[in-house]
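In full-length UniProt numbering, the protein residues as written are 1 to 658.
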């Protein structure tokens, strides 16, 4: 539910806390201040003076720690804004609510529910202090309810839809074979799609409400069924579909968050912001405040929800980033900077939490910055760097935020003098600055560095093999091998970088005919897909590494060992990074896709990844000192993800980011 004034234990329901102020005449309700630990509840009442049509309630206080008996309502505020208002009686005082809320309350009463918690009424919408306090209790309020009612609306639901959904869940709970289950699910897919496409699922606030519920029921028109049945259907649907082609919808994400919370694995704030980027709210700040109850680390960003119009969203973003940096003494969060072209007012180092939609190629950064190296090979990257920082190290507090400028210490690694191309770039040629010269290269086998960079996501370093053998092996593979493994972009990337590699005397040339890979073998029974023949040969240098004998080039899993290498290379290319050469220290690495020639690469204090910076001539002139814009992250061989870099007074300088 969006825009609703929710208040969960972590910021779950600011939902309409602010919007409802203008929609409802809350000032006339007889609100008494809440004592510590209290909440307000609504009790249905019958009065002889009633006309029989007007809903009547008594508003009273209860101590949450005493586990009062109540039902919490989860509904969408915004979906019925155009349907007019309905008058109800609250403690003998007339009060207007939305038509959707009135319909939900009537349905609850008809089902003999006597006491309810409804954010629009049980929170004093005029009291901004109370609203901010209740928002961070919202998760607890929904968690303590004996039941959470999910109200999808009073619209008439086709009876056939309900019957088919009930039949499907009944079948899925039986111990039948998977093929039979899939058939049942397919036959009921349209009914399921209609259910999960209801506007309710699009609202930010409902995520927290559903996730917190110990027990939940869905009220859809005149039908009622347990939320558990929907969880079963969505789980089976998710298992049955291709996850890459059919990403989970909003309802599926709600189910996933609920499962994580029940397993005591609450997500980090940046995780949940990325997951809910397509959810809606009528109050912009609820995009963050409506999720606080779900986040395990929300207090590291937000001291308390702030709806004051005297403070802008941009100022709140700066405050949240500053809070996070100073709490963790880590500046990695800057790499999740805003990428929204409309948000030009935010500095280049500050994430836009209220419009957080990370670029698809930056999504690997989110779990990394959240402290979970769950992506393929991210934890392996430390193998190339220095030792990890000591857990007891004390990092100097040298971060300063003044206005839009973040001041921290750093050391310039060097200037980019060569850049590779992206696979899907219109201009595929690599670029070289006038400063480029291979005479500065002292590595006797520069190809070994290129190999490390390509295999950065692989669990082996291939350090004992000549680079010539590695590139010969790759380039000798026929196109169908790349295509069959879904790694055709690797072959395309190699073709595009022939010129760049040749500048470093790394030649892409096929291996000898004796060790050429022969045509694909027949597909496996019951399915397509080819591969390398079991008789395919491997260069002698690779046999010992792969633990292969003369007659065995296929692993126990039926896969040629080259497959994992192709998938590893494809993984790093998926991040849309560019090969780069830093002339100053003759270093190679990967640069952010937006990097340009003459950009500089830095170690920044508190960052585990290197940063690509671009000097702003205009801002530098205005401030009388060097001011840089953050372009993005980089990986520099051989210091990849080597732990937080700490400035040394003799080797560092102040860096101003804006």
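Yeah, the Cβ is synthetic: ideal placement off N, Cα and C, and Gly gets one too.
Remember, predicted model here, so these are calculated numbers, not experimental data.
Annotated as proximal: residue 220 and residue 152, with beta-carbon spacing under 7 Å.
For residue 656, the pairing in a beta bridge is given by DSSP as 407. Here residue 266 has 260, 294, 295 and 296 as same chain residues with Cβ atoms under 7 Å from its own Cβ, once five neighbours each way along the sequence are excluded.
Distance from the CA of residue 213 to the CA of residue 87, rounded to the nearest whole angstrom, comes to 29 Å. Below 8 Å, too few C-beta pairs join the region 295-309 and the region 217-235 to call them touching: fewer than three. The C-alpha of residue 480 lies about 47 Å from the C-alpha of residue 321.
In the three-state reduction of the DSSP assignment, residue 623 falls in the helix class, which pools H, G and I. Bridge partners of residue 414 according to DSSP: 601.
Fewer than three pairs of CB atoms, one per stretch, sit closer than 8 Å, so the region 129-145 makes no contact with the region 53-60. Nearest in C-alpha terms to residue 282, of all of 203, 452 and 599, is 203. Here residue 371 is exposed, its C-beta having fewer than 16 other C-beta atoms within 10 Å. Sixteen is the threshold: when 16 or more other Cβ atoms of the shown chains lie within 10 Å of the Cβ of residue 351, as they do, the residue is buried. In the structure shown, residue 280 falls within a strand segment according to DSSP collapsed to helix, strand and coil. A residue is called buried once 16 or more other Cβ atoms fall within 10 Å of its Cβ, and residue 32, having fewer, is exposed. Taken in chain order, the complete beta strand (DSSP E) segments of 3 or more residues contained in the UniProt domain "Heterokaryon incompatibility" (70-209) are 71-74, 85-90, 93-98, 115-117 and 147-153. From the listed residues 100, 103 and 116, the smallest Cα separation to residue 45 is found for 116. For residue 225, the secondary structure class from DSSP, reduced to helix, strand or coil, is strand.
Rounded to whole angstroms, the gap between the alpha carbons of residue 575 and residue 253 is 24 Å. Excluding five sequence positions before and after residue 508, the CB atoms of its chain that fall closer than 7 Å to its own CB belong to 471, 475, 494, 498 and 501, given in chain order. Within a 10 Å sphere around the beta-carbon of residue 409 sit 16 or more other beta-carbons, which makes this residue buried.
7 Å or more divides the Cβ of residue 288 from the Cβ of residue 328.
Closest by C-alpha distance to residue 198, out of 398, 124, 218 and 110, is 218. Assignment of residue 402 by DSSP, reduced to helix, strand and coil, places it in the strand class. For residue 469, the uninterrupted alpha helix (DSSP H) segment begins and ends at 467-476. As far as DSSP is concerned, residue 289 takes part in no beta bridge. At least 7 Å separates the beta-carbon of residue 490 from that of residue 588.
The three-state reading of DSSP puts residue 298 in helix, counting H, G and I together. It is roughly 35 Å from the alpha-carbon of residue 313 to the alpha-carbon of residue 65. The C-alpha of residue 344 is placed about 47 Å away from the C-alpha of residue 59.
For residue 192, the CB contacts under 6 Å within the same chain, skipping 5 residues up- and downstream, are 233 in chain order. Taking a contact as a CB-CB distance under 8 Å, the pair residue 421 and residue 428 counts as one, their CB atoms being some 5 Å apart. Comparing alpha-carbon positions, the option among 97, 69 and 68 lying closest to residue 75 turns out to be 97.
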